[in-house]
Amino acid sequence: MALARSARRFAEKVPDVFMQFGLEQQFRFVSHPGVMVVSKLLEMRTVCQMRATFTQENIEKIKDFDPELAKKAQIAYDNKLPVNFQQLELIDDILPRLLEEKKQLESARGFAAKIPAGGPYELPKSVDVSAVRPIPGQKDIQGTLLELPEAKYPGMAAEVVPGIKHSQGKQIGAGGSSTALPKK
19 MALARSARRF
29 AEKVPDVFMQ
39 FGLEQQFRFV
49 SHPGVMVVSK
59 LLEMRTVCQM
69 RATFTQENIE
79 KIKDFDPELA
89 KKAQIAYDNK
99 LPVNFQQLEL
109 IDDILPRLLE
119 EKKQLESARG
129 FAAKIPAGGP
139 YELPKSVDVS
149 AVRPIPGQKD
159 IQGTLLELPE
169 AKYPGMAAEV
179 VPGIKHSQGK
189 QIGAGGSSTA
199 LPKK
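Sequence positions in the sequence shown follow my numbering and run 19 to 202.
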């Protein structure tokens with residue numbers, strides 16, 4: 019009897035949920051719980067970043083307004099890199115890291131696809147994700163919202179987050195001066 023009831027329950031449609039997003043500008047709607055999980059992950063800035071993949075048509079439109087930015091977008095397009103506009107500003111400097119990140123993510127996706135249903139849902143220790151940024155708990159500014167301001171206005175990151183490291187592995191002082199970190 020219990021088995022018959024549970025089989026019926028599994029056959030039922032997943033219920034829609036009433037959801038509210040935002041604090042200042044509240045937005046309420048009804049949606050599927052799976053959609054809500056993805057939406058919530060996108061809102062968490064340390065989990066993922068929205069990135070754009072450029073097309074040649076996009077680059078041609080950018081040329082009308084900013085030829086220098088169009089050249090940087092062309093670099094991203096040629097390397098098939100999804101980037102956000104902050105990374106696009108610095109792509110000349112961070113291109114090697116972005117290419118390494120792309121390779122590491124492709125490798126991690128391959129390992130994740132091989133995980134059997136039911137788990138355990140952990141990547142093997144052999145998977146290298148050292149170039150992937152941003153990551154929770156990181157101690158430097160690579161890939162974060164502070165990377166572009168620090169490049170344009172050195173020392174600004176130290177005012178916002180004391181003790182944070184610069185992208186090149188230097189400790190940022192309170193006055194904006196950088197000191198090399200000791201090698202471990």
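By construction, the Cβ of each residue, glycine as well, lies at the ideal position given by its N, Cα and C atoms.
Just the Cα atoms here: how many angstroms apart are ASP146 and GLN122?
6 angstroms
Tell me which same chain residues have a C-beta within less than 7 angstroms of the C-beta of LEU141, skipping the five on either side of it?
ALA126, PHE129 and ALA130
Option nearest THR71 by Cα separation, candidates MET62, VAL55, LEU60 and ASP96
ASP96
May I ask which residues mark the beginning and end of the alpha helix (DSSP H) holding PHE83?
74-83
In angstroms with no decimal places, state the Cα-to-Cα distance between LYS89 and VAL179.
32 angstroms
Cα-Cα separation, LEU166 to VAL101:
13 angstroms
Does the separation of the CB atoms of LEU164 and ILE182 fall below 9 angstroms?
yes
Could you tell me the alpha carbon to alpha carbon distance between LYS58 and TYR139, rounded to whole angstroms?
20 angstroms
Please classify ARG127: does DSSP put it in a helix, a strand, or coil?
helix
Would you mind sorting ILE109 into buried or exposed? The rule is 16 or more other CB atoms within 10 Å of its CB.
buried
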